[in-house]
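Numbering follows our numbering, in which position 259 of the sequence shown is assigned residue number 264; successive positions increment by one, without gaps.
Reviewing the structure listed below.
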Amino acid sequence: MNTLVIGPGYVGTALALALRSQNHEVSALRRGSGPDPDLTTAGIKSIRADISRAESLPKGMSFEWVINCAAPSSGMADDYRRTYFEGSRNLVSWLQGCGVEKFVYTSSTGVYGQNDGSVVNEQSSTEPESDTGKVLAATERILLDAAPAFPAIILRLAGIYGPGRGYWLKQFLSGQARIEGDGGRILNMIHRDDVVGAIIAVLERGLAGEIYNVVDQEPVSQRTLFEWLSRKLNRPIPAAASMASQRTRGVTNKLVSSRKLQIQLGYCFKYPTFREGFDSLIE
6 MNTLVIGPGY
16 VGTALALALR
26 SQNHEVSALR
36 RGSGPDPDLT
46 TAGIKSIRAD
56 ISRAESLPKG
66 MSFEWVINCA
76 APSSGMADDY
86 RRTYFEGSRN
96 LVSWLQGCGV
106 EKFVYTSSTG
116 VYGQNDGSVV
126 NEQSSTEPES
136 DTGKVLAATE
146 RILLDAAPAF
156 PAIILRLAGI
166 YGPGRGYWLK
176 QFLSGQARIE
186 GDGGRILNMI
196 HRDDVVGAII
206 AVLERGLAGE
216 IYNVVDQEPV
226 SQRTLFEWLS
236 RKLNRPIPAA
246 ASMASQRTRG
256 VTNKLVSSRK
266 LQIQLGYCFK
276 YPTFREGFDS
286 LIE
């Protein structure tokens with residue numbers, strides 16, 4: 006397949022390399038002007054453009070598969086709006102009539118605003134309280150409203166960790182981790198390699214207009230995670246955080262289900278729980 010990966014960052018680069026290893030023709034679109042030695046060596050073509058600026062997108066291009074993994078330069082709502090909302094709107098216009106068979110957008114489980122520990126799936130309400138979550142939800146609507154002319158598929162990704170990346174593990178190892186409240190808040194996570202695997206499964210077997218949660222099979226409470234790390238690394242369990250220092254930005258408490266991804270697409274996780282995933286990083 007002639008494939009375009011937009012945003013060859015932490016996930017996008019791994020995805021582009023995986024697709025190329027399967028003999029797909031792959032191009033990678035990014036804003037920066039620096040070299041991409043890993044991509045170039047693998048035979049991946051680089052395209053320089055900024056999806057938030059419609060005039061920068063090149064004319065006369067055609068792709069069968071397009072995956073938008075672009076990420077904002079900061080966690081500010083304005084950056085989210087430029088990258089996700091405006092960028093997606095520009096992509097819909099740019100790719101109309103370009104032969105696209107599937108367009109995959111990597112959204113976030115941050116669109117779920119539930120804070121009561123309940124189980125949520127793709128049919129659950131999406132009413133996030135955070136400004137960034139609202140931008141993500143609005144972006145999803147742009148893509149789904151463009152159907153059936155535009156074959157968008159939405160992937161709602163949980164918190165990504167993997168080689169060189171992992172907020173909770175790094176906090177624990179640095180001694181900066183603190184337990185929030187009673188430690189019962191649920192953490193939804195996914196290993197980068199399973200994000201890549203899920204994207205490829207959706208490209209091969211997913212249906213346009215569908216939404217899939219991408220989260221491992223065992224969302225875990227913060228306390229349970231820290232207790233496991235404490236036993237694994239023979240370190241003390243982190244102390245409780247003061248109310249003033251507890252994280253407040255976009256904090257929710259819900260158990261996100263990936264049952265649809267597993268049943269409808271038959272996806273099998275490489276790292277089904279945090280245990281296998283964190284073991285690979287610790288080793």
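We put the beta carbon where it would ideally sit given N, CA and C, even for glycine.
Since the model is a prediction, treat every value here as computed from it, not as a measurement.
#### Entry: Of the listed residues PHE68, LEU286, TRP70 and ALA47, nearest to TRP173 (C-alpha basis)
Nearest in C-alpha terms to TRP173, of all of PHE68, LEU286, TRP70 and ALA47, is LEU286.
### Query
Hey, which unbroken runs of the beta strand (DSSP E) at 3 residues or more fall wholly within the stretch 59-106?
You should have 70-73.
### Contact check, ALA23 vs SER51, beta carbons under 8 Å
Not closer than 8 Å, so no.
### Query
Are the beta-carbon atoms belonging to LEU148 and TYR110 less than 8 Å from one another?
Judged by their CB atoms, LEU148 and TYR110 are nearer to each other than the 8 Å cut-off.
### Message
Can you tell me whether THR111 is helix, strand or coil according to DSSP?
### Response
Note: THR111 maps to strand in three-state DSSP.
### Task
Could you tell me the distance, in whole angstroms, from the CA atom of PHE68 to the CA atom of ALA19?
C-alpha separation (whole angstroms): 19 Å.
### Query
Going along the chain, which residues of its own chain have a beta-carbon closer than 6 Å to the beta-carbon of PHE177, five neighbours each way excluded?
LEU234.
### Query
Given GLU145, which residues of its chain have a CB within under 6 Å of its CB, disregarding the five upstream and five downstream residues?
Only residues of its own chain outside the window of five on either side were considered, and among them SER112 and ILE159 have a CB closer than 6 Å to the CB of GLU145, listed in chain order.
### Query
Taking the alpha carbon of PHE279 as the point to measure from, which residue in GLY271, ALA245 and THR229 has its own alpha carbon closest?
When only C-alpha atoms are compared, the closest one is THR229.
### Task
Could you name each continuous beta strand (DSSP E) segment of 3 residues or more that falls completely within the stretch 151-191, going from the start of the chain to the end?
Entirely contained in the stretch 151-191, the beta strand (DSSP E) runs reaching 3 residues are, in chain order, 157-162 and 164-166.
### Query
Can you tell me the Cα-Cα spacing of ASP83 and ASN239, whole angstroms?
Rounded to the nearest angstrom, the two C-alpha atoms are 42 Å apart.
### Message
Beta-carbon within less than 7 Å of GLU232's beta-carbon, same chain only, minus the 5 sequence neighbours each way: which residues are those?
### Response
Taking C-beta separations shorter than 7 Å and ignoring five residues to either side along the sequence, the partners of GLU232 in its chain run ILE242, following chain order.
### Query
In chain order, what residues of the same chain lie with their CB nearer than 7 Å to the CB of GLY271, ignoring the 5 residues before and after it?
The beta carbon of GLY271 is closer than 7 Å to none in its chain, skipping five residues each way along the sequence.
### Query
Taking DSSP as the reference, what is the three-state secondary structure of LEU230?
The three-state secondary structure of LEU230, taken from DSSP, is helix.
### Query
Going straight from the alpha carbon of THR8 to that of GLN227, what length do you get?
One Cα belongs to THR8, the other to GLN227, and the distance between them is close to 38 Å.
### Message
According to DSSP, simplified to helix, strand and coil, what is TYR15?
### Response
The answer is helix: DSSP assigns TYR15 an H, G or I state.
### Message
Alpha carbons only, please: which of ARG58, VAL200, ILE216 and ILE56 is nearest the one belonging to VAL116?
### Response
Nearest to VAL116 by alpha-carbon distance, out of ARG58, VAL200, ILE216 and ILE56, is ILE216.
### Query
Just the Cα atoms here: how many angstroms apart are GLY138 and THR257?
Each residue's Cα considered, the two are about 11 Å apart.
### Message
So, for GLY12: in the same chain, excluding its five sequence neighbours on each side, which residues have a beta-carbon less than 8 Å away from its beta-carbon?
### Response
The residues are LEU34, ARG35, ASN73, CYS74, ALA75 and ALA76.
### Query
Whose C-beta lies closer than 6 Å to the C-beta of GLY214 among residues of the same chain, with five residues either side of it excluded?
Result list for GLY214: ALA152, in chain order.
### Query
Are the Cβ atoms of PHE155 and ASP221 separated by less than 8 Å?
Not in contact: PHE155 and ASP221 (Cβ atoms no closer than 8 Å).
### Buried versus exposed call for ILE268 [16 or more other C-beta atoms within 10 Å across all chains shown]
With a threshold of 16 other beta carbon atoms within 10 Å, ILE268 falls short and is exposed.
### Task
Rounded to whole angstroms, what's the CA-CA distance from GLY167 to HIS196? Just pull it up for me.
Taken atom to atom, the span from the alpha-carbon of GLY167 to that of HIS196 is near 5 Å.
### Query
If VAL31 and VAL201 are in contact, beta carbons under 8 Å, what's the gap, nearest whole angstrom?
That belief does not hold up - the Cβ atoms of VAL31 and VAL201 are roughly 13 Å apart, past 8 Å.
### Task
Given a cut-off of 8 Å, decide if ASN193 and THR114 are closer than it, judged by their beta-carbon atoms.
Their beta carbons are under 8 Å apart, which means THR114 touches ASN193 by this criterion.
#### Entry: At least three beta-carbon pairs within less than 8 Å, the stretch 85-93 to the stretch 40-59
Counting C-beta pairs with one atom in each stretch, the stretch 85-93 and the stretch 40-59 have three or more that are closer than 8 Å, which means they touch.
### Message
For a quick check, are the C-beta atoms of LEU266 and LYS107 less than 8 Å apart?
### Response
For LEU266 and LYS107, no; Cβs fall outside 8 Å.
### Message
Classify ASP199: buried if its beta carbon has 16 or more other beta carbons within 10 angstroms, exposed otherwise.
### Response
ASP199 should be labelled buried.
### Task
If I'm right that ASN218 touches GLU134 with Cβ under 8 Å, what's the distance once you round it to whole angstroms?
Actually they do not touch by this definition, with Cβ atoms about 19 Å apart.
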